[in-house]
Amino acid sequence: MIKSLSTRIFIGLFAGLILGTLVQYFLNDIGFFSGNLVELAGGVGTMFVNMIMMLVVPLVFVSIVCGVCELQDLKSFGRLGGKTFGFYIVNTVIAISTALLVVLLLDPGKGVDMSNTDGVAITATELPSLMALLIDIVPRNPVAAFMSGNMLQVIFMALMLGGVIKSLGEHVAGAVQGFQTANKIMMKLISVVMSLAPYGVFALMFKLGATLDAAVFISVLEYVVIILALLLLWIFVVYPLAVGMFTPISAKRFREKTQEQVLFSLSTASSNATIPVTMRTLTEKLGVNRAVAGFGVPLGATMNMGGVAIYITIAIFFVANAFGMPITSEQLPSLLFSIFLLSVGAGGVPGGGMVMIGVLIHQMGLPIEAFAIVAALDRIIDMVLTSCNVVGDTAVLTIVDQTEKAHQVELLDSES
235 MIKSLSTRIF
245 IGLFAGLILG
255 TLVQYFLNDI
265 GFFSGNLVEL
275 AGGVGTMFVN
285 MIMMLVVPLV
295 FVSIVCGVCE
305 LQDLKSFGRL
315 GGKTFGFYIV
325 NTVIAISTAL
335 LVVLLLDPGK
345 GVDMSNTDGV
355 AITATELPSL
365 MALLIDIVPR
375 NPVAAFMSGN
385 MLQVIFMALM
395 LGGVIKSLGE
405 HVAGAVQGFQ
415 TANKIMMKLI
425 SVVMSLAPYG
435 VFALMFKLGA
445 TLDAAVFISV
455 LEYVVIILAL
465 LLLWIFVVYP
475 LAVGMFTPIS
485 AKRFREKTQE
495 QVLFSLSTAS
505 SNATIPVTMR
515 TLTEKLGVNR
525 AVAGFGVPLG
535 ATMNMGGVAI
545 YITIAIFFVA
555 NAFGMPITSE
565 QLPSLLFSIF
575 LLSVGAGGVP
585 GGGMVMIGVL
595 IHQMGLPIEA
605 FAIVAALDRI
615 IDMVLTSCNV
625 VGDTAVLTIV
635 DQTEKAHQVE
645 LLDSES
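In our numbering, the protein residues as written are 235 to 650.
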């Protein structure tokens, strides 16, 4: 019996993909396999993701309230929030800059003829302004924020409640204890759901293997390879090296501790669904303070989208080149700013990056047919970019936690 959850998830992931591929190419003519079995796998996979998503909003709310209540004082909260937000922004800017350098060097899409691609309808959407994003943080209706799973609004409410509870001190000790108990219950629920992860991952990958159109994938292999290579470089080299440079945790150890997180996010393709795994990776495997993880993980799942930034940048240059409408130097400043806003606003759900690329295609006047190839290849890319996003959250928060520990040591030295 294999005890390691990471190993069982790994086996489920590849077993599902292999068996699904066999169904597509060898058993596709048999209705039971290509129809009923694939539909069953899709249903089981969806149920598993729904179970995870069911826990996300209460987990985020309770963990942030607990995290704020456990801070030494409210000043440390301001410092922690500023650091986390700043590091996330820097991470996204570096990802966009690197992806831009790659597309300028390699010019993806040149020589690829997409003019005969079947169209896929996209909804015209305005680019979100920074002011609109900021205004939307404050909810008009708390119940609606919880029901829609709007992470920024849930975070805002949790921070307000946690700050008020902390300011009242011993007068509300019962409330603090209640939230701590609720947090333990949520962690136990996560453990129960995670024990089903190998089966859920198997079902998700089985459906992917049985339905992925390999012919479309091969036709634009260069585009896929560039994106995946850069994402994998970020996951296994850039983030581990950054952690190794700024914390006592070595790059090798960081890679080992994030294995389960990478495999889980590959199968769900959702940063929000991976929040429980990211929390556990940080607190139980990397020793990050619960207050840092409780505040930073849900915020990162919403706005720290290094993988999405890489994806959007390469994809928009690819489709522009492939349709004979290359992006000019005059368009670059506004395009890069739009990519930054869209990366932050992509959301931690499957297909978030694809939707934002659709927005850019529409806003830049590119043919709507360009969206077809992006949509066709999105699922395979979305898996890896989600892993890049969540490992980025883990790396940033591990570094933030180290700076907080260093600050505490400085305070102790100054007091002594």
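The beta carbon of each residue, even a glycine, is placed where N, CA and C say it ideally should be. Small disclaimer: the values here were computed from a predicted structure and weren't measured.
- Less than 8 Å divides the Cβ of Gly254 from the Cβ of Phe440.
- In this structure Val526 does not touch Glu456 by the C-beta definition: roughly 40 Å separates them, more than the 8 Å allowed.
- Under the three-state reduction of DSSP, Gln565 is assigned to coil, being neither helix nor strand.
- A distance below 8 Å separates the beta carbons of Thr620 and Ser505.
- Between Gly530 and Asp627, the beta carbon gap of about 7 Å places them in contact (Cβ cut-off 8 Å).
- Straight across, the Cα-Cα distance linking Ser572 with Thr547 is about 10 Å.
- Boundaries of the alpha helix (DSSP H) harbouring Leu438: Ala431 to Thr445, taken from the DSSP string.
- Shown here, Asn375 sits in coil according to DSSP, grouped into three states, outside any helix or strand.
- Nearest Cα to Ala329 within the set Gly528, Arg487, Ile469 and Lys519: Ile469.
- Pairing Ala409 with Leu395, the inter-Cα distance amounts to about 11 Å.
- For Pro474, the number of other beta carbons within 10 angstroms of its own is at least 16, and it is reported as buried.
- Relative to the Cα of Thr508, the nearest Cα in the group Ser429, Met287 and Leu239 belongs to Met287.
- Buried is the label assigned to Val296, since at least 16 other Cβ atoms lie within 10 Å of its Cβ.
- For Asn417, the three-state secondary structure derived from DSSP is helix.
- Between Ile424 and Arg514 a beta carbon distance of about 7 Å is seen, short of the 8 Å cut, so the two are scored as contacting.
- Around the beta-carbon of Tyr259, fewer than 16 other beta-carbon atoms lie within 10 Å, marking it exposed.
- From the listed residues Asn262, Met590 and Phe557, the smallest Cα separation to Tyr545 is found for Met590.
- In the three-state reduction of the DSSP assignment, Asn284 falls in the helix class, which pools H, G and I.
- A Cβ-Cβ distance of about 5 Å is found for the pair Val624 and Ser499, placing them in contact under the 8 Å criterion.
- Within 10 angstroms of the beta-carbon of Leu338 lie fewer than 16 other beta-carbons, which makes it exposed.
- Contact between the segment 425-438 and the segment 238-246 is present, with at least three C-beta pairs closer than 8 Å.
- In the three-state reduction of the DSSP assignment, Ala535 falls in the helix class, which pools H, G and I.
- At the C-beta level, Leu430 and Phe282 come within 8 Å of one another.
- Apart from sequence neighbours up to five positions away, the residues of its chain that approach Phe321 with a beta-carbon distance below 8 Å are Val630, Ile633 and Val634, ordered along the chain.
- If you look at Val458, you'll find it in the alpha helix (DSSP H) that goes Leu455 to Leu467.
- Of the candidates Gly412, Cys622, Leu393 and Lys491, the residue whose Cα lies closest to the Cα of Gly528 is Leu393.
- In this structure, Asp616 and Ala503 form a Cβ contact; the two beta carbons are roughly 4 Å apart against a cut-off of 8 Å.
- Scanning the segment 461-522 from its first residue to its last, the whole alpha helix (DSSP H) runs of 4-plus residues come out as 473-480, 485-491, 493-502 and 509-514.
- Sixteen is the threshold: since fewer than 16 other Cβ atoms of the shown chains lie within 10 Å of the Cβ of Asn284, the residue is exposed.
- Excluding its 5 nearest sequence neighbours in each direction, Glu304 has C-beta neighbours in its own chain below 6 Å: Ala525, listed in chain order.
- Judged by DSSP secondary structure, Phe552 falls within the alpha helix (DSSP H) whose first and last residues are Gly540 to Ala556.
- A residue is called buried when at least 16 other Cβ atoms come within 10 angstroms of its Cβ; Ile298 meets this threshold and is buried.
- In this structure, DSSP gives Ile633 a helical state, which the three-state scheme calls helix.
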